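**Student:** One structure is given below, represented as structure tokens, and several questions about it will come after.
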Amino acid sequence: MYSYVFAGQGSQRVGMGMDFYEKFEESKKIFEEASESLELDLKKICFEEDPRLNLTEYTQPCILTMEMAVYEVLKKYKKQGTFFAGHSLGEYSALTAANVFNIKDAVKIVRKRGELMQRATPEGTGAMAALIAIDLNQYDYKTILEKYNVDLANLNSKDQVVISGKKQDVEKSTEEIKHKFPSIDIVFLNVSAPFHSRLMKDIEEEFKDYLLQFNIKKENCSVVLSNFTGSFHNPDHLVEHLVKQISGSVQWIQNMEELIKKNQTIIEIGPNRPLGKFFLTLNKEVPSIINVRSLQKVFPDIN
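Residues in the sequence shown are numbered consecutively from 106, following my numbering.
Structural data, given as structure tokens:
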């Protein structure tokens, strides 16, 4: 029995999914369906040096398409999952894998999500930074974040969180954190907007209106973990929690803990391997599938 976790934005890389596209008809079909739905050549954006790959509006559908191209192969070989989770954008891959969305709708939804998230704040006015230290809970950094109106964007592990807010507020808060707690390493992220912060709240209603246009199979969502609550989705609150996820904190530690309780083999899917490192902090080894070679390492019977 398998559970799958899907990487989110920031994991993109040039060439992602190309070997799957060339080797498996199922993967090729996913890329073609997603491209047709968006009227965009996603192969060009994913496989070639294309600046659009790092623009949120394009990054999100590209990553989702690559991840579904991998998952379709796993389904063909009867390796489908029982439970699913995804980090931020990856939650939409998880919902697509669980048949809550179909691929053609999913890429439209995440493209709109990316477009709105980019539009929420003027470029260059927001920032995100990772705080990294062994057992961050021993430091009272949250009081400093509150002082500067900076939000906890991602609770990734006991050793790493990501903060988000207005650029000057994030800079001031990190200066004070570094001064008070020199053991905390601070890494500013190369992002175009302050995701998962209160600055995203203004786009939530527009995203909700867009989301409700689609055929959502809510009854399938209870096998997918919610970033917003940390627990498995409830069909009655699916749309509400997906909307709130945009400005809310990604409760990834709780997502991991819930998935580990299911006592299944957990496998990461994505262009890179960010999530496996977080699982290691909970003493759980999670192999990753990022290309055909790693697929065959995880599942030697797939060739």
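We put the beta carbon where it would ideally sit given N, CA and C, even for glycine.
As the structure is a computational prediction, the values presented were derived from the model and not from experiment.
I need the straight-line Cα distance from V215 to V266, nearest angstrom please.
**Tutor:** Sequence index remark: in the sequence shown, residue 215 carries index 110 (1-based). Sequence index remark: in the sequence shown, residue 266 carries index 161 (1-based). So the two alpha carbons sit approximately 24 Å from each other.
**Student:** Just to confirm my understanding: we take R408, look at its own chain, exclude 5 residues before and 5 after, and list those with CB closer than 8 Å. What are they?
**Tutor:** Residue 408 sits at position 303 when you count from the first residue of the sequence shown. Per the sequence presented here, residue 408 reads as Asn, with Arg not at that position. Q401, listed in sequence order.
**Student:** Considering only C-alpha positions, which residue in the set K209, A199, D290, S336 is nearest to A234?
**Tutor:** Along the sequence shown, one-based indexing puts residue 234 at 129. Nearest C-alpha to A234: D290.
**Student:** Is it buried or exposed, V397, if we count other Cβ atoms within 10 angstroms and call 16 or more buried?
**Tutor:** Counting from 1 along the sequence shown, the entry for residue 397 is found at position 292. Counting Cβ neighbours within 10 Å, V397 comes out buried, since at least 16 surround it.
**Student:** Helix, strand or coil, according to DSSP, for T230 in the structure here?
**Tutor:** The sequence position of residue 230 within the sequence shown is 125, counting from 1. Coil.
**Student:** So, at 6 Å on beta carbons, what are the nonlocal neighbours of F333 in its own chain, with the 5 sequence-adjacent residues on each side left out?
**Tutor:** Locating residue 333 in the sequence shown gives position 228, where the first residue counts as 1. Cβ within range, chain order: H346, K349, Q350, G353.
**Student:** Alpha carbon to alpha carbon, how far is K184 from K271? Give it in angstroms, no decimals.
**Tutor:** Mapped onto the sequence shown, residue 271 falls at position 166. Mapped onto the sequence shown, residue 184 falls at position 79. Taking the straight line joining both Cα atoms gives about 43 Å.
**Student:** Indicate whether V110 and L364 have their beta-carbon atoms separated by less than 9 Å.
**Tutor:** Within the sequence shown, the letter at position 5 stands for residue 110. Within the sequence shown, the letter at position 259 stands for residue 364. Yes; because the gap between Cβ atoms is below 9 Å, this pair is in contact.
**Student:** Determine the extent of the alpha helix (DSSP H) in which T161 is found, giving its start and end residues.
**Tutor:** On the sequence shown, residue 161 is found 56 positions in, with the first residue counted as 1. Looking at the DSSP string, the run of the alpha helix (DSSP H) that includes T161 is 161-181.
**Student:** Determine the contact status of L221 and E311, defining contact as a CB-CB distance below 9 Å.
**Tutor:** Along the sequence shown, one-based indexing puts residue 221 at 116. Along the sequence shown, one-based indexing puts residue 311 at 206. Against a cut-off of 9 Å, the Cβ pair of E311 and L221 comes out as a contact.
**Student:** Classify H301: buried if its beta carbon has 16 or more other beta carbons within 10 angstroms, exposed otherwise.
**Tutor:** Numbered from 1 along the sequence shown, position 196 holds the residue referred to as residue 301. H301 comes out buried.
**Student:** By DSSP, does Y253 sit in helix, in strand, or in coil?
**Tutor:** The sequence position of residue 253 within the sequence shown is 148, counting from 1. Coil.
**Student:** Residues in its own chain within less than 7 Å of L260 by CB, not counting five upstream and five downstream?
**Tutor:** Walking along the sequence shown from the start, residue 260 turns up at place 155. Excluding sequence neighbours, L260 sits near V266, S354, V355, Q356, W357, I358.
**Student:** Please state whether DSSP places Y126 in a helix, a strand or coil.
**Tutor:** Position 21 of the sequence shown, counted from the first residue, corresponds to residue 126. Correct three-state label for Y126: helix.
**Student:** Below 8 Å, how does it come out for the segment 247-260 and the segment 269-289: are there three or more Cβ pairs, yes or no?
**Tutor:** Short answer: they touch.
**Student:** Which residues in the same chain as S132 place their Cβ atom closer than 8 Å to its Cβ, once the five residues preceding and following it in sequence are excluded?
**Tutor:** Residue numbering aside, residue 132 sits at position 27 when the sequence shown is read from its first letter. So the qualifying residues of the chain are G122, F125, Y126, A174, V175, E177, V178.
**Student:** If we call anything under 9 Å between Cβ atoms a contact, is L169 one with C326?
**Tutor:** The residue labelled residue 169 in the question sits at position 64 within the sequence shown. The residue labelled residue 326 in the question sits at position 221 within the sequence shown. No, the Cβ-Cβ distance between L169 and C326 is not below 9 Å.
**Student:** G186 bridges to which residues according to DSSP?
**Tutor:** Along the sequence shown, one-based indexing puts residue 186 at 81. Answer is Y107.
**Student:** Going by the beta-carbon positions, is the gap between V205 and A139 smaller than 9 Å?
**Tutor:** Your numbering for residue 205 matches position 100 in the sequence shown. Your numbering for residue 139 matches position 34 in the sequence shown. It is not a contact, given that the beta carbons lie outside the stated cut-off.
**Student:** How many Å lie between L194 and K217 at the Cα?
**Tutor:** Taking the first residue of the sequence shown as position 1, residue 194 is located at position 89. Taking the first residue of the sequence shown as position 1, residue 217 is located at position 112. So the two alpha carbons sit approximately 12 Å from each other.
**Student:** Where does V391 fall in DSSP's three states?
**Tutor:** Counting from one through the sequence shown, the residue named residue 391 turns up at place 286. In the structure shown, V391 sits in coil (DSSP, three-state: anything other than H, G, I, E or B).
**Student:** Leaving aside the five residues before and after K134 along the sequence, list all residues of the same chain whose C-beta is less than 8 Å from its C-beta, in chain order.
**Tutor:** Locating residue 134 in the sequence shown gives position 29, counting from the first residue. Answer for K134: E177, listed in chain order.
**Student:** For G120, collect the residues of the same chain with a Cβ closer than 7 Å to its Cβ; drop the 5 residues on either side in sequence, then sort them by chain order.
**Tutor:** In the sequence shown, counting from the first residue as 1, residue 120 sits at position 15. Around G120: F152.
**Student:** Run the CB neighbour count on D240, radius 10 Å, all protein chains shown included, and call it buried at 16 or more, exposed below.
**Tutor:** By one-based count along the sequence shown, residue 240 stands at place 135. Per the 10 Å Cβ criterion, exposed.
**Student:** Given this structure, state the Cα-to-Cα distance separating A202 from E196, to the nearest angstrom.
**Tutor:** Your numbering for residue 202 matches position 97 in the sequence shown. Your numbering for residue 196 matches position 91 in the sequence shown. If I take the Cα positions, the gap works out to 10 Å.
**Student:** Could you pull the start and end residues of the alpha helix (DSSP H) that D290 belongs to?
**Tutor:** Locating residue 290 in the sequence shown gives position 185, where the first residue counts as 1. Note, D290: premise wrong, no alpha helix (DSSP H); beta strand (DSSP E) at 290-293.
**Student:** Taking the alpha-carbon of Q117 as reference, which of E130, S108, F136, Y163 has the nearest alpha-carbon?
**Tutor:** Position 12 of the sequence shown, counted from the start, is the residue given in the question as residue 117. Taking only the C-alpha atoms, the option nearest Q117 is Y163.
**Student:** Looking at C-alpha atoms only, which residue of S262, Q223, T230, M361 is the closest neighbour of E309?
**Tutor:** Start at 1 with the first residue of the sequence shown, and residue 309 comes out as number 204. Ranking the options by Cα distance to E309, first place goes to Q223.
**Student:** Can you give me the start and stop residues for the alpha helix (DSSP H) that V119 sits inside?
**Tutor:** In the sequence shown, the residue the question calls residue 119 occupies position 14. Segment: none, V119 is in no alpha helix (DSSP H) and carries neither H nor E.
**Student:** Would you mind sorting V275 into buried or exposed? The rule is 16 or more other CB atoms within 10 Å of its CB.
**Tutor:** Along the sequence shown, read from residue 1 onward, the residue named residue 275 stands at position 170. Buried: at least 16 other Cβ atoms inside 10 Å.
**Student:** Under 8 Å by Cβ, that's how I've got G471 and T161 pegged, so tell me the actual separation to the nearest angstrom.
**Tutor:** An answer regarding residue 471 cannot be provided, because it is not within the stretch 106 to 408 covered by the chain.
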